[in-house]
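First comes the structure, then the notes that go with it.
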């Protein structure tokens, strides 16, 4: 509902006080690709919560003075957020910290509830007030209400999970415990690791586990609740198996970092496999294979391997283009600053061009033009995913259907529109080969949703939205 | 309880869309003396709320790009806050905007509930979660709960006022209406005005009414609820007279701006009268009268008039010292940068020195030393208020009792400690002359509280506090 | 020539290393009124110069991390600048640090050379290149060229002073010495003091001497060069008496801080005397005397004393209005935010209104309207200076003649334009009473210039100007 | 001497006014890899120069308001600078703008004069003062002195070139003309292009020509002066052939962007060739070839091609690590945040690891450890350049010799220190194959300097350096 978001969560638990904010900072840096809009860290120093969050990248928000103002602590929860709407809002920054009758709680969340509208409405009817438009506040309410009836925070989380529906990977901190939970479908990733001196680390992706010098232990299972506390680790599994597993295939294709391993499958390998499948199903008579940096590179390697056509570096990405880049001269082509073709590599060549998706087709068309100007004789585009056709209700933000080129044009039309000599997508039926033996959610390609999608979720029920500027 | 605060509130209602954020900006500038920690503006553009708030002065928070991002609107609520605890928190910034079952509400508040602890506890027991430690969120909850049972926001406000106890001057905005309310004691000021073209303006002080070019109409009465909406102004008076009026005398003595008129009494005149009383009761054989800028100047004029001793400018305040001033060399005296004596004015003179209060006595002692160094022969200090001895539970932050010089020393001892030749306070029994015929709260001087003060309010019940850095 | 500027200079010399940047910071704060555009500090740590300067107020430029990055040192030179042209430029910030054949030099300057155009032209003809448009760089060149021919920096300064014409108060630091010099006319102030532990302090005004805890010793005499070094203080007086003294009277009237003493005359007293003269020469039948804050207050006291009419606080200045104040709503009157009338003080009263000058008359007219709206029955304006009629070539920036109300209208017309019942200026012939026995420059009022003004100085010889943005 | 620097220069000339600052902004973005410390743009609007420069990246310095404050213009000069010393200084930012007897000049420079000390000393002896420690100011002086004796700026540039020795690629703007010049050795690159509507563009690298939508025309020849003005383009060639060409080979190996073409040679191709040579000369029995991103990737492709061993993505660079990255927890390995190994790609594999250089060996050793932890069975490091052994006096900053691992250890020792199974450098004698037929400077590898290096240049003659904080 309301705001769709792709995010990264991070948590740590240690017996002895550690530089919790510093470690969380490193962890967030490794998860920055999962969200660049805002970020936050909450440190727990023996029950005292110190929080800081703001709009901006990790390096912008967590400056030296901000980090050094944090105390040491035995626990931390951290979050990096990708807000998918134009109305970015400071009040939607995570983790959220709330006070309730039995104490205090910090909560970071990645995912999207499919029954958020209904839950929020019920809460409001009983007098709840909402400061944010995010699902995280709804989850906090549900857990708090259960907490009043039970003796432990983990019991409250478990009870809440019968109410929550959709995608959620949660890291939650009470004064005494760090708790993480993954929805019974397992839409979004969540894993944990441990360091040599006994600190536990929870993160959306294994790359963040490694970044802080910990060893990867395993994924949290769909439906599992893991409690880190004075008595060590406890696993509660009453929600495991309640639902069929449906891990988001787009994490493999695009979201996750190639060096992460999710559900036992290397993201890099999944992408290489996608390239190999494309080489098999959509061969091309060409001289070189090039990938659109950075997300098309792994699949390009796969295509090169599968086809025997040499891999080349045909496009260079300007690594200095960031959030601050503006367009002071509109007659100049922004794409030319962001990407440039290596003329000597593509001139006179028949090129296989690999990217992970085509959304509207505009950027894609410009890249094709860049390569043509650099002398590419033929361009055979291969896309390492099926065409996008359906909205996602589990946390992936996809453009509205009227903008999706695949909803409005055939493959042949699309090829002609973006100016390529041939175009091939990864077939829907081959998707499963990316992570062999795993059950994946591919609703955005197939339209088959693993959960019920309430009618009212399908459109935004708010006629007038609260927007917050600069926020 | 929780955070004591002195604040300024501002609101506007217009039939036609106006540059609501721009007008609120001017209004806040006129109320900046009531709070320098944070500020915020929420504009209502036909039900769409646009909010921006942050830590900092008006001019720091509301820069050109921030202001120009606001749409026009027919209503606005704005706030400037003085946080009295070290732990300044961005999450405590006002106005707060909340969504509830029947819509949305923006709320700005000046004051302090005396039954906040009890109310918050009851709310938490029923499942409420709190994002902030401020009373404003408690008030929002109480009003929301009443709103669910009634048909109008003004009825909800009225019902809530039976529950709320203590000091509150509220400006509240629903999608359709601007509502302001003052507690039945009338502890804190609130007034309204109107412009030539029919825009209504509500503010903590009349100086903000004038600043935006409106004409002052009158004070909101203690207990009164004023509703600005499609049907014009409506006044609800069911709470008027429920309590005896107790307007805070310290608003006259220190808080309010001298050009404001509160409850029909000019703040400037009240201070001049304080000086005249001091001249009558504590005469001095002296050559000149000087005031400590800026708050002692009006009373110094009064003392000069009452005594016939010439008024002089004996102390100059450095007008560039602001929040950014730091102390890079601790061997140097900060007070010497902030204030300096005009040697030629005081050299060889017997000086009457007027200030509005003595808290710890430290600053006061340094000012006396400055004057001695400049050659003052005698210094007769006169204070335009009685000695501070008791905590305030209605929104005035007073130092803890063990730090108050008047709690630990007699007047004679104090005089000796700060180094003056004589010292005279305004007697408690003469306080009423400042605003003749008005009923004032002088609990901080007398210890007589007009409301019941629950036992648990007297100390902070939180052992571990949520602190937020940089915030 | 080029950029006219009013500035503040500061320097210190100590045998032992001290927190030189911290002391300079305090000194600059006390001189902030002399220039709010840019500021800078250069510290000399045994020959190593550490410099920092930027556009902005002291508190904006010298933040905690900037100050703490300075080393300790035995000398410092500091500057605060008032740029009078719209094109504020970072490259014109002072002090300037230059390297030359015999070492290095940091230079801060207050004043304006009257032969700058000629000097700069000669230097350019010999191959000099200029990075800035300020006179300071010209002075640095002249001193450097002399330095090549002599054995000491003080000898170079002395020789340079035969070439420089106009107003200059210089503080200069070589690796070994701190040198200060004042032009033979003594247009701009410069004085020094000493602390208990033997640190010497030089500053534009005595208030800065006091602010850093030093004791005022005396003014640098017109034409005097003072050298602080290993051998103690040395005074060179070969330029003393070369010219007739002409201290700028506008320093007394407006520039200097009231607690400063210049040339043995208290600025506060000079202003009080101006008020007394006005009371004598332009009496008024009135009820109260009020001053326009802050610069009109001292003269208002004088008028009150001279006339016997009671002094009142009739106008309040909003102390939060600073450089960040913008005008988001142009229908609202900016002056109403900056100044407000105390209605209760002026209502129904005949008011004497004192200000230090009338430039264009616009602001003045608005203040008069404010007082009328507050009920003032009559307004008798008295100005504590003669009418502005002529340009200043010695460092005071005055509006162009076509904008000066006194150049285009008689006193009667001016009174009518600004809406007052009567108007009286301080007569030119009484100016000398402000600083009895001192020889003052009053060229801006009289048109009698103590130096020759070259024809080409009278207009800007640059057709195309170098402007630097944000700078 | 003084500050060594690698930089990027950019200039444009158009008959009609264009959005010169906007185009320069795009150009600088394409040159950002040549310098990240500071940047600046000067626009010439019919003789009026508007300049802005500061420390920081393009996107940090040139924000929307800064860019929109520039006027349109017919010319611009821009610069991005890599300061190699810790003492980064705002005063050393380029372009520099100077005023001289015959007008005004903006100058941007890439390179390093080998006779700078001598030239500066001579200038100082004749009375010159220096604001900066950069060669650019020296060049400006030399040109200015010649300008006084001649009738045109291009003649002055030509005469100055007889005096200047070492590496310089200059873009210079007078009120009427844009002039660019390259030293007779041609150490640093400089080329130009033209747009469809007749705007000329000059830049350090061809990638910036393409980025602004222009077509590449050709390199400026060593010794050539190119003048863009009212009469079109003029080429002066009196310095061409004065010296033997010596283009910096390290531009191909590391500095330049792979999509640039310099002297007719594609940088990408040069690197691929380096990889191929390594495969030929230092073969390895391995399973995969991986490059250290980003600068080792092209050579890795070459090695893969030459050897037939498959190219893999074995290391991922965190693209969010920028200048703001700090190390809040020193027990954690920074390299692990910046780079991570793709475990699935390297586990159990024999790896050829390609990088462009080994300086101290520290980072290299950490990368090797990362790969070992990820399971790499063998690591065969290949470096696409010879070992660094000698200082560069032409603008490349190389660590001091005592830190260079190649100066202190044999290849075998180095291999053991960084922990690889074998190590092979590109042999010095094969360097020429990178750019076949071109004459290259390889002094940093061979110690054979094409120019005389004065004794005094070899060490810093300043005992005490001017440092500027925050600058």
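Residue numbers (this note's numbering), protein chains in the order written: chain A, 1 to 471; chain B, 1001 to 1471; chain C, 2001 to 2471; chain D, 3001 to 3471. Backbone N, C-alpha and C define an ideal beta-carbon position, used for all residues, glycine too.
In the pairwise beta carbon analysis, the stretch 3031–3040 of chain D is classified as touching the stretch 3005–3018 of chain D: at least three pairs are separated by under 8 Å. Apart from sequence neighbours up to five positions away, the residues of its chain that approach residue 2170/C with a beta-carbon distance below 6 Å are 2109 and 2181, ordered along the chain. Only residues of its own chain outside the window of five on either side were considered, and among them 361, 365, 405 and 409 have a CB closer than 8 Å to the CB of residue 417/A, listed in chain order.
Under the rule that a run must span 4 or more residues, the alpha helix (DSSP H) segments found entirely inside the stretch 1129–1165 of chain B read 1135–1149 and 1153–1163. At the C-beta level, residue 2257/C and residue 2267/C come within 8 Å of one another.
One Cα belongs to residue 280/A, the other to residue 3401/D, and the distance between them is close to 53 Å. Following the DSSP letters along the chain, one finds residue 3235/D inside the beta strand (DSSP E) bounded by residues 3232–3236. For residue 2269/C, the uninterrupted alpha helix (DSSP H) segment begins and ends at 2267–2281. For the pair residue 2131/C and residue 2440/C, the CB atoms are not nearer than the 8 Å cut-off.
Between residue 1261/B and residue 2373/C the beta-carbon gap is near 14 Å, outside 8 Å, which marks them as no contact.
Collapsing the DSSP output to three states places residue 1320/B in coil. In this structure, residue 1278/B keeps its C-beta atom at 8 Å or more from the C-beta atom of residue 1293/B. For residue 1210/B, the closest Cβ of chain C is nearer than 8 Å.
In its chain, beyond the 5 residues on either side, 3271, 3274, 3275, 3354 and 3384 have a beta carbon closer than 6 Å to the beta carbon of residue 3299/D. Under DSSP, residue 3006/D forms a beta bridge with 3082/D. When only Cα atoms are considered, residue 76/A and residue 3448/D end up about 57 Å apart. Under the criterion of beta carbons closer than 8 Å, residue 1119/B and residue 1136/B do not qualify as touching, at roughly 12 Å. When rounded, the separation of the alpha-carbon atoms in residue 3264/D and residue 3190/D is 12 Å.
The alpha-carbon of residue 62/A is positioned some 10 Å away from that of residue 69/A. Residue 218/A counts as exposed, since fewer than 16 other beta carbons sit within 10 angstroms of its beta carbon. Under a 10 Å Cβ-count criterion, residue 1162/B is classified as exposed, with fewer than 16 other Cβ atoms of the shown protein chains found around its own Cβ.
The beta carbon of residue 3317/D sits closer than 8 Å to the beta carbons of 3293, 3294, 3338 and 3339 from its chain, once the five residues preceding and following it are set aside; these are given in chain order.
With fewer than 16 other Cβ atoms inside 10 Å of its own Cβ, residue 1121/B counts as exposed. Going by C-alpha positions, residue 1032/B is about 16 Å away from residue 1111/B. Every unbroken stretch of the alpha helix (DSSP H) spanning 4 or more residues and falling wholly within the stretch 3360–3384 of chain D is given here in chain order: 3362–3373.
Taking the beta carbon of residue 3345/D as reference, the chain A residues within 7 Å of it are 268, listed in sequence order.
Collapsing the DSSP output to three states places residue 3306/D in a helix. Taking residue 1223/B as the centre and dropping the five residues before and after it, the same chain places the C-beta of 1184, 1239, 1240 and 1242 closer than 6 Å to its C-beta, in chain order. Nearest in C-alpha terms to residue 2378/C, of all of 2059/C, 2346/C, 2388/C and 2399/C, is 2346/C.
Beta bridge pairing from DSSP links residue 1181/B with 1170/B and 1225/B. Taking 8 Å as the threshold, the shortest C-beta distance from residue 2275/C to chain B does not fall below it.
Contact annotation for residue 44/A against chain B: no contact, minimum CB-CB distance about 10 Å [criterion: below 7 Å].
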